[in-house]
Amino acid sequence: MNRGIARKLPDGWILWQRNLCSGAASRSSSAVSTTQLNIHECKENQSFTTNVHPYDIAIVGGGMVGMSLACSLATKLLTKHLSVAIIDSNPALGHKLSIKNEDPPDPRVSTVTPTSISFLKDVGAWQYVQQHRYAYFDKMQVWDYTGLGYTKYDARDVNKENLGCVVENKVLHGSLLARIEDTDFQKTIYHSRLASMSLCSSSSSSGLGKASSMEAMYARGDLAKLELSDGSSLYAKLVVGADGSKSQVRELAGFKTTGWNYSQNAVICTVEHLVENRCAWQRFLPSGPIALLPMGDRFSNIVWTMSPKESSDHKTMNEDDFVKAVNHALDYGYGPHPKPSVLDIADLFSWPRRNVTLSTNQSFEIPPKVVKLASSRMVFPLSLKHANHYASKRTVLIGDAAHSVHPLAGQGVNLGFGDASSLSKIIAEGIAIGTDIGEISLLKKYEAERKPSNVSMMAILDGFQKAYSVDFGPLNIVRAAALHAAHHIPPLKRSIIQYASGEQRLPLFS
Ligand SMILES: Cc1cc2nc3c(=O)[nH]c(=O)nc-3n(C[C@H](O)[C@H](O)[C@H](O)COP(=O)(O)OP(=O)(O)OC[C@H]3O[C@@H](n4cnc5c(N)ncnc54)[C@H](O)[C@@H]3O)c2cc1C
1 MNRGIARKLP DGWILWQRNL CSGAASRSSS AVSTTQLNIH ECKENQSFTT NVHPYDIAIV
61 GGGMVGMSLA CSLATKLLTK HLSVAIIDSN PALGHKLSIK NEDPPDPRVS TVTPTSISFL
121 KDVGAWQYVQ QHRYAYFDKM QVWDYTGLGY TKYDARDVNK ENLGCVVENK VLHGSLLARI
181 EDTDFQKTIY HSRLASMSLC SSSSSSGLGK ASSMEAMYAR GDLAKLELSD GSSLYAKLVV
241 GADGSKSQVR ELAGFKTTGW NYSQNAVICT VEHLVENRCA WQRFLPSGPI ALLPMGDRFS
301 NIVWTMSPKE SSDHKTMNED DFVKAVNHAL DYGYGPHPKP SVLDIADLFS WPRRNVTLST
361 NQSFEIPPKV VKLASSRMVF PLSLKHANHY ASKRTVLIGD AAHSVHPLAG QGVNLGFGDA
421 SSLSKIIAEG IAIGTDIGEI SLLKKYEAER KPSNVSMMAI LDGFQKAYSV DFGPLNIVRA
481 AALHAAHHIP PLKRSIIQYA SGEQRLPLFS
């Protein structure tokens, strides 16, 4: 029997043995030092413990991105008949969304862009989000602790009603699940985890002719085989890795990655004000940005980037001290409030004033004061990771499995929704012309569509992270000038807003 095994090594690493019937896969990068490739020739007379029917698609990882792909497939004319397995041990997949609106919001939230909202409306999930708490925002203010610069954005600068919406992750996830449940989609949820994955190269089988048994299809390379941690196994024409930044699919399929740790953690929590907050605020501090995002009612979400030592101090300090630290960080601490004329460079940007945006004349504002901590504090380590390729035969990566980014601009899940939208469209196109949906030529179209936009967003976020991690006089002036430019040059301002909203253009002059 051709089976993947896990063994504990003396130093605590798990050794995964991957069963590959093809020699085509290459050894993957650093993260894959735990993976041992075990290459076999496929034999016609292999025996299998599980005899199940093959799925069209196996989605490994039923997080927000995996579920958005399932939802998109469930609602497209050409894909809604597909049989889909979703593999994830997350108990939320077995429950209906039940959130009381009077409960304080969960600290795990996402800022979803107007483009993602359109996608969620198209797949029919947004109506479920609207039954819960969500908060649109139409204004944003970004400033620097040096007091040298600030910029403001207003949705009306680009003739939009809002710049985005803040939604709890569990609401997004539960809404996608609820939408799928309301369709006739043939999905099977496996409450388990992927343990091993194998694929035969078509050249390694002989004498199978047109036999259509599952074993014969597998031996011909027409199906991938997945073995799960509960001992069950299944076959699928296409395996989608939606299993997050530590993706097992990515590792087992041998996709190399590029990336680094930021040596920064994000502290997140919900806080309460005396008045409702309607703006998204972000201030760059010496150790990283702090964001205050509106959550509806009088709640806001905090995403505060800092060193690992500071994050553990801020997680454990008493609540009053934490609230003081937040107000210090968002208002009077670290440096003065910016004044429009502080650099005397506003006049440099006066040439485009004929075409002034609404927000150009808006002055700096102090964010609403935080009066109470309204949730537990959670800490997440931050890193950048990008898979060098997203597609190989019968395997494709989406969401954080393909790319994980710094949360400073709240783009991670938005990029993932973009992947899901693109992949479901390309699968539908493949079905329309009768192509095997696991064919690499088809899957490479998805990679070609998504990789450039994901890479450019990652580069911009990484550049921001680096530019703001240095406290050095001349660099502070350059950063301030950049904020002034972003505030005073209307075409640049509009491009930035449109790019951050999810439109596929770089923030250059339009
Ligand atoms: C502090 C912070 C704030 C953020 N804020 C924002 C924001 O405002 N806006 C935004 O767009 N993004 C934001 N992000 C990023 C966003 O949360 C992620 O991009 C998003 O959660 C990725 O979703 P995913 O479904 O790809 O992966 P995940 O959410 O990681 O889901 C992966 C799923 O795969 C499952 N899984 C893992 N391994 C296996 C296995 N072997 N077998 C089966 N299942 C498996 C897991 O159980 C999980 O359910 C933020 C991130 C952080 C850390």
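In terms of UniProt numbering, the sequence shown is numbered consecutively and its last residue is 510. Ideal placement from N, C-alpha and C gives every residue a C-beta, glycine not left out.
Review point. In terms of residue numbering, what span does the beta strand (DSSP E) encompassing D184 cover?
Key: Looking at the DSSP string, D184 is not in any beta strand (DSSP E), and its letter there is neither H nor E.
Point to revise | Heavy atom of ligand 1 within 7 angstroms of D184 beta-carbon | key: D184 Cβ: outside cutoff for every heavy atom of ligand 1.
Review point. Out of F364, S245, G221 and N101, which has the shortest C-alpha to C-alpha gap to P54?
Key: Nearest of F364, S245, G221 and N101 to P54, Cα basis: G221.
**Study point:** CB contact flag (A401, V249, <8 angstroms)
**Key:** Yes; because the gap between Cβ atoms is below 8 angstroms, this pair is in contact.
Check your understanding: For the candidate residues A85, R179 and Y153, whose alpha-carbon lies nearest to that of Q130?
Key -> The residue with the shortest Cα to Cα distance from Q130 is R179.
Practice item. Drop a sphere of 10 angstroms on the beta-carbon of G23, count the other beta-carbons inside from all chains shown, and report buried for 16 or more, exposed for fewer. Key: Its pLDDT being 30, under 50, G23 is placed unreliably by the model, and the measurement read from it follows with that caveat. With fewer than 16 Cβ atoms within 10 Å of its Cβ, G23 is classed as exposed.
**Study point:** Validate contact between the stretch 426 to 438 and the stretch 83 to 92 using beta carbons, cut 8 angstroms, 3 pairs
**Key:** In this structure the stretch 426 to 438 does not touch the stretch 83 to 92; the number of beta carbon pairs closer than 8 angstroms is below three.
Exercise for review: For R193, collect the residues of the same chain with a Cβ closer than 6 angstroms to its Cβ; drop the 5 residues on either side in sequence, then sort them by chain order.
Suggested key: For R193, where only same-chain residues beyond five positions count, the Cβ hits under 6 angstroms are S89 and S229.
Review point. Which class does F299 belong to by DSSP, given the choice of helix, strand or coil?
Key: In this structure, F299 counts as strand in the three-state DSSP scheme.
Check your understanding: Just reading off the alpha helix (DSSP H) that H328 is part of, what are its end residues?
Key -> Run containing H328: none; DSSP gives neither H nor E here.
**Study point:** Cα-Cα separation, Q195 to Y235
**Key:** Note that residue 195 corresponds to Ala in the displayed sequence, not to Gln. Across the structure, A195 and Y235 are spaced so that their CA atoms are roughly 14 angstroms apart.
**Study point:** Closest Cα partner of P338 within the set P104, T146 and G418
**Key:** The residue from P104, T146 and G418 with its alpha-carbon nearest to that of P338 is T146.
Practice item. Could you give the DSSP three-state label for P129: helix, strand or coil? Key: The question names Pro, but residue 129 in the sequence shown is Val. Helix at V129.
Exercise for review: Report buried or exposed for E215, applying the criterion of at least 16 other Cβ atoms within 10 angstroms of its Cβ.
Suggested key: Sixteen is the threshold: when 16 or more other Cβ atoms of the shown chains lie within 10 Å of the Cβ of E215, as they do, the residue is buried.
Point to revise | Alpha-carbon to alpha-carbon, S233 and R278 | key: Rounded to the nearest whole angstrom, the C-alpha separation of R278 and S233 is 49 angstroms.
Check your understanding: Sorry if obvious, but does the Cβ on I290 come closer than 7 angstroms to a heavy atom of ligand 1?
Key -> I290 has its CB no nearer than 7 angstroms to any heavy atom of ligand 1.
Exercise for review: Compute every distance between the C-beta of S307 and the non-hydrogen atoms of ligand 2, then say whether any falls below 7 angstroms.
Suggested key: As presented, the structure is devoid of ligand 2, carrying ligand 1 as its sole ligands.
Review point. With burial defined as no fewer than 16 other Cβ atoms inside 10 Å of the residue's Cβ, what is the status of V65: buried or exposed?
Key: With 16 or more Cβ atoms within 10 Å of its Cβ, V65 is classed as buried.
Practice item. Using only alpha-carbon positions, find the residue among I59, A391 and I268 that is nearest to M378. Key: Check the Cα spacing between M378 and each of I59, A391 and I268: the tightest is with I268.
Check your understanding: Where does W260 land, buried or exposed, given buried means 16+ other C-beta within 10 angstroms?
Key -> With fewer than 16 other CB atoms across the displayed protein chains lying within 10 angstroms of its CB, W260 is exposed.
Exercise for review: Spatial neighbours of K170 within its chain, please: CB distance less than 8 angstroms, with the 5 preceding and 5 following residues excluded, ordered by chain position.
Suggested key: Within the same chain, K170 has close Cβ partners A92, L97, I99, D106 and R108.
Review point. Per the contact definition of three or more C-beta pairs closer than 8 angstroms, is the stretch 236 to 245 in contact with the stretch 390 to 401?
Key: These segments touch.
Check your understanding: Is the stretch 143 to 161 touching the stretch 279 to 297, taking contact as three or more C-beta pairs under 8 angstroms?
Key -> Yes: the two stretches touch, three or more of their Cβ pairs being nearer than 8 angstroms.
Practice item. Using three-state DSSP, classify S245 as helix, strand or coil. Key: Three-state result, S245: coil.
Exercise for review: Locate the alpha helix (DSSP H) running through A74, then write down its first and last residues.
Suggested key: Taken as a continuous stretch (DSSP letters only), the alpha helix (DSSP H) holding A74 covers M64 to A74.
Review point. Can you list, in chain order, the stretches of the beta strand (DSSP E) that have 3 or more residues and sit fully within the stretch 212 to 274?
Key: Those beta strand (DSSP E) runs which fall completely within the stretch 212 to 274 and span 3+ residues are 224 to 228, 233 to 241 and 257 to 273.
Check your understanding: Taking the alpha-carbon positions, what's the K444 to Y332 distance?
Key -> Taking the straight line joining both Cα atoms gives about 51 angstroms.
Check your understanding: Is T146 helix, strand or coil by DSSP?
Key -> Assignment of T146 by DSSP, reduced to helix, strand and coil, places it in the coil class.
Point to revise | Per-residue burial, R394 [other beta carbons within 10 Å of its own, 16 or more giving buried] | key: Burial call: buried.
Exercise for review: Just tell me which of G296, P368, G62 and L69 has its CA closest to the CA of G418.
Suggested key: Residue L69 holds the alpha-carbon nearest to the alpha-carbon of G418 among G296, P368, G62 and L69.
Review point. So residue 566 and S198 are in contact, right, with Cβ under 8 angstroms, and what is the actual spacing, rounded?
Key: In the structure as shown, the chain begins at 1 and stops at 510. Residue 566 is therefore absent and cannot be evaluated.
Practice item. Under the assumption that S375 contacts P104 (Cβ atoms under 8 angstroms), give the Cβ distance between them as a whole number of angstroms. Key: The Cβ separation is near 6 angstroms, so the contact holds.
Review point. If you draw a straight line from the C-alpha of A432 to the C-alpha of K121, how long is it?
Key: Computed Cα separation, rounded: 24 angstroms.
Practice item. Specify the secondary structure class of R156 as computed by DSSP and reduced to three states. Key: In this structure, DSSP gives R156 a helical state, which the three-state scheme calls helix.
Point to revise | Complete runs of the alpha helix (DSSP H) confined to the UniProt domain "FAD-binding" (379 to 453) [at least 4 residues] | key: Counting only runs of 4 or more, we get 412 to 432.
Review point. Which value, in whole angstroms, describes the spacing of the CA atoms of D56 and E449?
Key: When rounded, the distance between both Cα atoms is 22 angstroms.
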